[in-house]
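The sequence shown lines up with residues 1 to 94 when you count with UniProt numbering.
Using N, Cα and C, we set each Cβ at its ideal position, and we do this for glycine too.
Everything numeric in this text was worked out from a predicted model, so none of it was measured.
This report concerns only the one structure given below.
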Amino acid sequence: MSDIDKLSAYKALVSKRKKCTICDPAQCELKNPSLQQNDKLKTSQIGHWTEWQGSLDAKIMVVGQDWGDFITLVDQDGETNVEESATNRHWSNY
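Written out as structure tokens, the structure reads:
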């Protein structure tokens, strides 16, 4: 896949994620940051932690649950705080 096609596919995926309303906030702790009032919680990436280590040319892709919940995201103003997480401190050395 060319870099342009890869970026286009990624942007389409991000657009879908921003509009997602599958999780009912009344029944689920999951919240779509793009649908919140706080602009600090919004991102142009697939997720907030993608801004920290994301690469469309990565040799390995790990898919899994974020290590923080929505409250953590709010507490960190939508940014990854490397200093507050042992996991983040470890991976920032690579």
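Residue j beta carbon less than 8 Å from that of residue i
| i | j | result |
| --- | --- | --- |
| Leu56 | Leu13 | no |
| Ser34 | Lys42 | yes |
| Cys20 | Asn32 | yes |
Pick from the options that is closest to residue i, judged by C-alpha positions
| i | options | result |
| --- | --- | --- |
| residue 99 | Glu79, Gln27 and Ser2 | Past the edges of the chain, shown from 1 to 94, lies residue 99, and the structure says nothing about it. |
| Cys28 | Asp75, Gln76, Asp69 and Val74 | Asp69 |
| Gln76 | Ile22, Trp49 and Lys18 | Trp49 |
| Asp3 | Lys18, Ala26 and Ala58 | Ala58 |
| Lys11 | Val62, Gly47, Leu30 and Ala26 | Gly47 |
Coil, strand or helix - residue i by DSSP
| i | result |
| --- | --- |
| Thr43 | coil |
| Val14 | helix |
| Glu29 | coil |
| Asp24 | coil |
| Val74 | helix |
| Ala9 | helix |
| Asp69 | coil |
| Leu56 | coil |
| Ser34 | helix |
Short CB-CB distance (under 8 Å) between residue i and chain D
| i | result |
| --- | --- |
| Asp77 | This model lacks chain D altogether, as it is built from one protein chain only. |
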